[in-house]
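Numbering (the working numbering), first residue to last: 197 to 591. Backbone N, C-alpha and C define an ideal beta-carbon position, used for all residues, glycine too. One structure is given here, and the rest of the page talks about it.
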Amino acid sequence: MKSVDAHLAEILATVRTLAPLELELERSLGTTLAEEVSSPVPLPPFDNSAMDGYAVRAADLAAVPVTLPVIDDVAAGSDELRAVGPGHAVRIMTGAPVPAGADTVVPVEWTDGGTVTVTINQAAPTGNAIRRAGEDVLAGEVVLRPGTVIGPAQLGIVAGVGRRRVWVRPRPRVVVLSTGAELVEPGLPLGPGQIWDSNSFTLTAAVRESGGDGYRAATVGDDPAKFLEQLDAQLVRADAIITSGGVSMGAYEPVKEALAPLGTVRFEKVAMQPGMPQGFGVVGEDQVPIFALPGNPVSSFVSFMLFVRPALRKMRGLPAGAPETLTAHVAGSLRSPAGRRSYLRGVLSDDGTVTPVRGQGSHQLAALASANALILVPEDVTDVPAGASVQVIRL
Ligand SMILES: Nc1nc2c(c(=O)[nH]1)N[C@H]1C(S)=C(S)[C@@H](COP(=O)(O)OP(=O)(O)OC[C@H]3O[C@@H](n4cnc5c(N)ncnc54)[C@H](O)[C@@H]3O)O[C@H]1N2
Ligand code: MOO
Numbered sequence: 197m198k199s200v201d202a203h204l205a206e207i208l209a210t211v212r213t214l215a216p217l218e219l220e221l222e223r224s225l226g227t228t229l230a231e232e233v234s235s236p237v238p239l240p241p242f243d244n245s246a247m248d249g250y251a252v253r254a255a256d257l258a259a260v261p262v263t264l265p266v267i268d269d270v271a272a273g274s275d276e277l278r279a280v281g282p283g284h285a286v287r288i289m290t291g292a293p294v295p296a297g298a299d300t301v302v303p304v305e306w307t308d309g310g311t312v313t314v315t316i317n318q319a320a321p322t323g324n325a326i327r328r329a330g331e332d333v334l335a336g337e338v339v340l341r342p343g344t345v346i347g348p349a350q351l352g353i354v355a356g357v358g359r360r361r362v363w364v365r366p367r368p369r370v371v372v373l374s375t376g377a378e379l380v381e382p383g384l385p386l387g388p389g390q391i392w393d394s395n396s397f398t399l400t401a402a403v404r405e406s407g408g409d410g411y412r413a414a415t416v417g418d419d420p421a422k423f424l425e426q427l428d429a430q431l432v433r434a435d436a437i438i439t440s441g442g443v444s445m446g447a448y449e450p451v452k453e454a455l456a457p458l459g460t461v462r463f464e465k466v467a468m469q470p471g472m473p474q475g476f477g478v479v480g481e482d483q484v485p486i487f488a489l490p491g492n493p494v495s496s497f498v499s500f501m502l503f504v505r506p507a508l509r510k511m512r513g514l515p516a517g518a519p520e521t522l523t524a525h526v527a528g529s530l531r532s533p534a535g536r537r538s539y540l541r542g543v544l545s546d547d548g549t550v551t552p553v554r555g556q557g558s559h560q561l562a563a564l565a566s567a568n569a570l571i572l573v574p575e576d577v578t579d580v581p582a583g584a585s586v587q588v589i590r591l
């Protein structure tokens, strides 16, 4: 059987990093920066007040209280400024430019708040409450480097340096396609032998959480021709495709039956539990990667975490590899099939213990939903005693 590591290595060698494109700022959240962003001007662009108060000369505050005439009023955005001469005060608001001549700002709380004259009760040292030009960013300084993921604050600084559009690697568009004649759309009544489709919801959400844009395509039954039709229709808008179901050894395996003859998608057994049957390859003119995941709900989710998530990172232009693990102590004993790496579901506590959840079957989605970690049991280990040290992946 193929090892988990070999399967991931093949996937990462096949998927390509998406080409950069220029996007409106509003559409750039969650994308990866593909250029160096620098500021054309210093930030702040001019010396300005950090507080509401009075701009004065510090030398005039040698003996307080002192009363000074208020010769002007400047708000943020003011552009016609009167210089502050000796013995003068200008009422100033937060963010307003500091007028020439003034070298300190006295907060309004230290004064009587006058508008014709002001009595200042407490002296402020030179430079008090003044934010200097370039204190945040110098003119020409790089504020973001390529490879940075654009979150709210990063989007903010791009706007803050005056940019409206930005070169980024986009969020991968991933179409999720469930197969199975037994599947019914949640919200509709179940007939005999039917179950509600959960995988397409889990996988679409997992794509979003992994920095992609997930699209749920309509479920297809067990007909390989219908599956190919649906796949064809979806390919135009996809950077990657995920399917669930139809990859094992049964009589009706539409994904395997449709894709195996193409010769570009391989169906194999990977030495893991859950998630043993896996399909991966490329389809269509553009060689779009396709992940044919097993239908069991826990199997498809675990497969996503181990194989699709790292692939999405590579597509986004981020460092990609096996999920990070941390060491924990297992609260109960565990069993694992020989020759397969197990990913058992557990609850990881703050004290570093991980408790296996009840219900470790590949179909037990409720048990998965109660877990926050996967517990790894290596291929050559079949029994793990309670208290043993294990590697876990946070979910
Ligand atoms: N003779 C063998 N049988 C099976 C093998 C094997 O090696 N030999 N492997 C088993 C393993 S392991 C897995 S995993 C599954 C994989 O099966 P498929 O990928 O072909 O998936 P299906 O048969 O379509 O479904 C399996 C299971 O999952 C349920 N399912 C499917 N899609 C959804 C969905 N969208 N939402 C919720 N549940 C779904 C489906 O009803 C089945 O119960 O094969 C084993 N068999
Ligand atoms: O490998 Mo299957 O994924 O056990 O249910």
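Own chain residues within Cβ distance below 8 Å of residue i, not counting five before or after
i	result
residue 550	524, 525, 526, 527, 542, 543, 544, 569, 571, 586, 588
residue 461	455, 475, 476, 477, 478, 479, 486, 488
residue 484	431, 434, 435, 436, 437, 478
residue 515	509
residue 214	365, 366, 368, 435, 511, 512, 513
residue 505	402, 406, 519
residue 262	256, 315, 316
residue 348	225
Residue nearest to residue i in terms of C-alpha spacing, selected from the options
i	options	result
residue 593	584, 553, 510, 537	Shown here, the chain extends from 197 to 591; a query on residue 593 therefore has no answer.
residue 365	231, 381, 522	231
residue 247	325, 308, 330	325
residue 377	320, 401, 235, 414	414
residue 389	535, 396, 380	380
residue 473	515, 272, 441	441
residue 573	494, 531, 547, 557	531
residue 418	396, 448, 374	448
residue 297	199, 222, 256	256
residue 492	575, 482, 439	439
residue 322	314, 300, 583	300
residue 268	288, 226, 590	288
residue 319	272, 340, 358, 252	252
residue 579	529, 410, 212	529
residue 337	233, 410, 446, 281	233
residue 591	500, 575, 559, 363	500
residue 443	425, 426, 464, 382	464
residue 210	563, 410, 482, 559	482
Cβ-Cβ separation, residue j to residue i (assumed contact under 8 Å), whole Å
i	j	result
residue 596	residue 369	Residue 596 is absent from the structure shown; the chain starts at 197 and stops at 591.
residue 266	residue 277	Not quite, the Cβ-Cβ distance comes to about 14 Å (not below 8 Å), so this is no contact.
residue 293	residue 243	7 Å
residue 399	residue 392	Contact flag wrong, Cβ pair sits at about 15 Å.
residue 344	residue 264	Going by Cβ atoms, the distance from residue 344 to residue 264 rounds to 48 Å, so no, they are not a contact pair.
residue 466	residue 203	5 Å
residue 221	residue 351	6 Å
CA-to-CA distance, residue j to residue i, given in whole angstroms
i	j	result
residue 502	residue 295	60 Å
residue 285	residue 216	53 Å
residue 508	residue 206	14 Å
residue 240	residue 290	13 Å
residue 235	residue 228	19 Å
residue 581	residue 373	40 Å
residue 354	residue 557	48 Å
residue 518	residue 201	8 Å
residue 260	residue 356	40 Å
residue 521	residue 408	23 Å
residue 307	residue 258	15 Å
residue 567	residue 249	55 Å
residue 565	residue 327	50 Å
residue 594	residue 245	With the chain covering 197 to 591 only, the question about residue 594 has no answer from this structure.
residue 212	residue 279	60 Å
residue 548	residue 554	19 Å
residue 342	residue 208	21 Å
residue 490	residue 496	5 Å
residue 535	residue 446	23 Å
residue 425	residue 459	18 Å
residue 404	residue 281	59 Å
Strand pairing of residue i, partner residues [DSSP]
i	result
residue 597	Only positions 197 to 591 of the chain appear in this structure, which leaves residue 597 out of reach.
residue 525	549, 585
residue 458	The partner list for residue 458 (beta bridge, DSSP) is empty, contrary to what the question assumes.
residue 244	293, 327
residue 487	438, 476
residue 301	251
residue 258	Answer by DSSP bridge pairing: none, since residue 258 is not bridged.
residue 392	380
residue 410	370
residue 452	Looking at the DSSP assignment, residue 452 forms no beta bridge with any residue, so it has no partner.
Neighbourhood of residue i by C-beta distance below 7 Å, restricted to the same chain and skipping five residues each side
i	result
residue 238	329, 330, 333, 334, 335
residue 423	375, 416, 450, 451, 454
residue 561	394, 493, 494
residue 283	256, 264
Sequence-distant residues of its chain with Cβ nearer than 6 Å to residue i (five each side left out)
i	result
residue 163	Since the first and last residues shown for the chain are 197 and 591, residue 163 lies out of range.
residue 412	372, 396, 400
residue 584	526
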